[in-house]
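> So the sequences go chain by chain: Y and X.
Using my numbering, the first residue of the first sequence is number 56, and each one after it goes up by one.
Using my numbering, the first residue of the second sequence is number 56, and each one after it goes up by one.
Virtual Cβ for every residue (Gly too), placed ideally from N, Cα, C.
Number of protein chains: 2
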Amino acid sequence: MKKFIPVLLAAACAVSAQAKIVTKSVEYKQGDITLEGFLAYDDAVAGKRPGVLVVHQWMGLTDYEKHRAEQLAELGYVAFCADIYGKGVLPKDTKEAGAEATKYKSDRALLRQRVNAGLDELKSNKFVDTKRVAAIGYCFGGTTVIELARSGAELNGIVSFHGGLDSPTPADGKNIKCKVLVCHGADDPYVPAKDLAAFEDEMRQANVDWTLIKFGGAVHSFTQPMAGNDNSKGAAYNERADHRSWAAMKLFFAGIFK
Amino acid sequence: MKKFIPVLLAAACAVSAQAKIVTKSVEYKQGDITLEGFLAYDDAVAGKRPGVLVVHQWMGLTDYEKHRAEQLAELGYVAFCADIYGKGVLPKDTKEAGAEATKYKSDRALLRQRVNAGLDELKSNKFVDTKRVAAIGYCFGGTTVIELARSGAELNGIVSFHGGLDSPTPADGKNIKCKVLVCHGADDPYVPAKDLAAFEDEMRQANVDWTLIKFGGAVHSFTQPMAGNDNSKGAAYNERADHRSWAAMKLFFAGIFK
Numbered sequence: 056m057k058k059f060i061p062v063l064l065a066a067a068c069a070v071s072a073q074a075k076i077v078t079k080s081v082e083y084k085q086g087d088i089t090l091e092g093f094l095a096y097d098d099a100v101a102g103k104r105p106g107v108l109v110v111h112q113w114m115g116l117t118d119y120e121k122h123r124a125e126q127l128a129e130l131g132y133v134a135f136c137a138d139i140y141g142k143g144v145l146p147k148d149t150k151e152a153g154a155e156a157t158k159y160k161s162d163r164a165l166l167r168q169r170v171n172a173g174l175d176e177l178k179s180n181k182f183v184d185t186k187r188v189a190a191i192g193y194c195f196g197g198t199t200v201i202e203l204a205r206s207g208a209e210l211n212g213i214v215s216f217h218g219g220l221d222s223p224t225p226a227d228g229k230n231i232k233c234k235v236l237v238c239h240g241a242d243d244p245y246v247p248a249k250d251l252a253a254f255e256d257e258m259r260q261a262n263v264d265w266t267l268i269k270f271g272g273a274v275h276s277f278t279q280p281m282a283g284n285d286n287s288k289g290a291a292y293n294e295r296a297d298h299r300s301w302a303a304m305k306l307f308f309a310g311i312f313k
Numbered sequence: 056m057k058k059f060i061p062v063l064l065a066a067a068c069a070v071s072a073q074a075k076i077v078t079k080s081v082e083y084k085q086g087d088i089t090l091e092g093f094l095a096y097d098d099a100v101a102g103k104r105p106g107v108l109v110v111h112q113w114m115g116l117t118d119y120e121k122h123r124a125e126q127l128a129e130l131g132y133v134a135f136c137a138d139i140y141g142k143g144v145l146p147k148d149t150k151e152a153g154a155e156a157t158k159y160k161s162d163r164a165l166l167r168q169r170v171n172a173g174l175d176e177l178k179s180n181k182f183v184d185t186k187r188v189a190a191i192g193y194c195f196g197g198t199t200v201i202e203l204a205r206s207g208a209e210l211n212g213i214v215s216f217h218g219g220l221d222s223p224t225p226a227d228g229k230n231i232k233c234k235v236l237v238c239h240g241a242d243d244p245y246v247p248a249k250d251l252a253a254f255e256d257e258m259r260q261a262n263v264d265w266t267l268i269k270f271g272g273a274v275h276s277f278t279q280p281m282a283g284n285d286n287s288k289g290a291a292y293n294e295r296a297d298h299r300s301w302a303a304m305k306l307f308f309a310g311i312f313k
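Here you go:
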């Protein structure tokens, strides 16, 4: 006889207790521009393993993304935080962040070059199985990983967490070679209904393998504790949606990294 | 040193190899009407465990739902297929099915009574932990489990697979006490955009804990092999969406049956 055990509890047990996470800053280039990313992997894992690119929100590459990379390393992946803005470019407030993000959102070609440089850097890591690679991103980074897909990059999948979904060139959806998961706050005021509808149409027209999850009660930035917890501001942390979207990402990875 | 193992593979290993699934038909009543449900559980599991109600699509309680109940029993749950139409009522074609389903869709009070009778029958099973109960349903059954929630029934969660989302009384959303997961085909022509929007508003207004997953490329009946594979008919099986929605359901159960 056995006792009932919820099936997914067992998954938690599969995470090693002997994880030894190595982290370091890594300089790399896009054209003449020096970028500074952040690498994390578990030194106790042998051999090649899937790689996951992490793209930062509008404040640039912060401890938040570094912590996500460490969490991914604990799951057994090689994680690399891309730097889109350039070494030392860290907006000091939301005004600067808006200006910096807009540079790239209004020049998608440049944004694609920057994020592809990060992907190349990740793939060049000796521990990465280059046939099993994904990218995730938060807010601005969510938009960025969708642009990575639209650039025709070779990877298995992308996950956008509360990213903007608009595209100035929706026909580029046809370039997408990877699976797409969008984790979206159902009450996110920064992603208008028309953008959602246009995104869905882009995916549909291009016959992309896509899934979109709407988390009830969640607004923009729902994965980010630093956003506070006041939904009326339009951006706020939502623990429930944070945990569920992370679990959805793990399930997505289990599917694409078979 | 350890090799990389995708985290969720471990979950599969948690399913017992010694499962001994017991199944049987069960007569029960709603008022004076005799209903005939179907019970499935694993005889190798000791003690009480969560219970899951399964509600059939418009053709009535068929082998399809019985197989789902067996799959749920293999996961360790007590599964019970409700009978909404009544003992021996099995539409012989889609015309009869449409007429039968319409009886209940146009009399939501009766539909709620019928599905609550099934829930009561499940809860009366000696192996069911009545504090851990969910309901799932397909097409007409998806609509039905949402009505079950709207009736104010005491259970932990419901999952609708390609169910209709409309409500003649959207204010009843305020009665919902359980968590709600909707698995929806992004190309389902039988659930108009206005119904989706109204459903989301109903959940929002009532402050329900809800999640909606849109599966790209999927139409109505995407979990049902008997629907064929021609999307142009508006109802078709989609293996990808079937497997992913089942996995999403398991993740949802892991959350509500803690």
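Quick check on the DSSP output: the alpha helix (DSSP H) that includes Y/LEU145 runs from which residue to which?
Unbroken run through Y/LEU145: none, as it is neither H nor E.
> Identify the contact partners of X/MET114 in chain Y, using a Cβ-Cβ distance below 8 Å as the criterion.
By Cβ distance, chain Y contributes nothing, its closest Cβ being about 28 Å from X/MET114, past 8 Å.
> In whole angstroms, what is the alpha-carbon distance linking Y/ALA252 and X/GLY92?
If you take the alpha carbons of Y/ALA252 and X/GLY92, they lie about 41 Å apart.
> If we ignore side chains and look at the alpha-carbon of each, how far apart do X/ALA302 and Y/ILE88 end up?
In a straight line, the C-alpha of X/ALA302 is about 43 Å away from that of Y/ILE88.
> Taking CB distances under 8 Å as the criterion, tell me whether Y/THR266 reaches chain X.
So, interface residue.
> Comparing alpha-carbon positions, which option in Y/ASP264, Y/VAL235, Y/PRO244 and Y/VAL263 lies nearest Y/SER276?
Checked all of Y/ASP264, Y/VAL235, Y/PRO244 and Y/VAL263; the closest Cα to Y/SER276 is Y/PRO244.
> Starting from Y/ASP98, follow its DSSP beta bridges and name the residues at the other end.
DSSP, once it has assigned bridges, lists no residue as partnering Y/ASP98.
> According to DSSP, simplified to helix, strand and coil, what is Y/ALA189?
If DSSP states are grouped into helix, strand and coil, Y/ALA189 belongs with the strands.
> Which residues mark the beginning and the end of the beta strand (DSSP E) in which X/LEU108 is found?
Start and end: 104-110.
> According to DSSP, simplified to helix, strand and coil, what is X/TYR159?
Residue state, collapsed to three classes: helix.
> Looking at the structure shown, is X/ALA137 part of a helix, part of a strand, or coil, going by DSSP?
Of the three classes helix, strand and coil, the one that applies to X/ALA137 here is coil, per DSSP.
> Please list the residues of the segment 116-141 of chain Y that have a C-beta atom closer than 9 Å to any C-beta atom in chain X, keeping them in chain order.
Listed by position, the residues of the segment 116-141 of chain Y near chain X (Cβ gap below 9 Å) are LEU130, GLY131 and TYR132.
> Tell me the DSSP secondary structure of Y/THR129 in three-state form.
It should be noted that the sequence gives Glu, not Thr, for residue 129 of chain Y. Y/GLU129 falls in the helix class under three-state DSSP.
> Rounding to the nearest angstrom, what Cα-Cα distance links Y/GLU209 and X/LEU210 in this structure?
Going by the C-alpha atoms only, they are around 45 Å apart.
> Assuming Y/LYS142 contacts Y/LEU90 under a Cβ cut-off of 8 Å, what Cβ separation, rounded to an integer in Å, is found between them?
Correct: roughly 6 Å between the Cβ atoms.
> Would you report the Cα separation of X/PRO105 and X/ALA189, rounded to the nearest angstrom?
Going by the C-alpha atoms only, they are around 8 Å apart.
> Run the CB neighbour count on X/THR198, radius 10 Å, all protein chains shown included, and call it buried at 16 or more, exposed below.
Result: buried.
> Taking the alpha-carbon of X/LYS186 as reference, which of X/ASN171, X/ARG169, X/SER161 and X/GLY212 has the nearest alpha-carbon?
Of the candidates X/ASN171, X/ARG169, X/SER161 and X/GLY212, the one whose C-alpha sits nearest the C-alpha of X/LYS186 is X/GLY212.
> Do Y/LEU108 and Y/ALA137 have their C-beta atoms closer together than 8 Å?
Yes, these two residues count as a Cβ contact at 8 Å.
> List the endpoints of the continuous beta strand (DSSP E) containing X/VAL200.
Careful: X/VAL200 lies outside any beta strand (DSSP E), inside the alpha helix (DSSP H) at 195-205.
> Find the residues of chain Y that neighbour X/LYS178, judging by a C-beta separation of less than 9 Å, and give them in chain order.
Chain Y residues near X/LYS178: none, gap ~16 Å exceeds 9 Å.
> Hey, is Y/LYS75's beta-carbon within less than 8 Å of any beta-carbon in chain X?
Taking Cβ atoms only, chain X never reaches closer than 8 Å to Y/LYS75, which makes this a no.
> Please report how far the alpha carbon of X/TYR140 lies from the alpha carbon of X/GLY115, in whole angstroms.
X/TYR140 and X/GLY115: Cα-Cα distance of roughly 7 Å.
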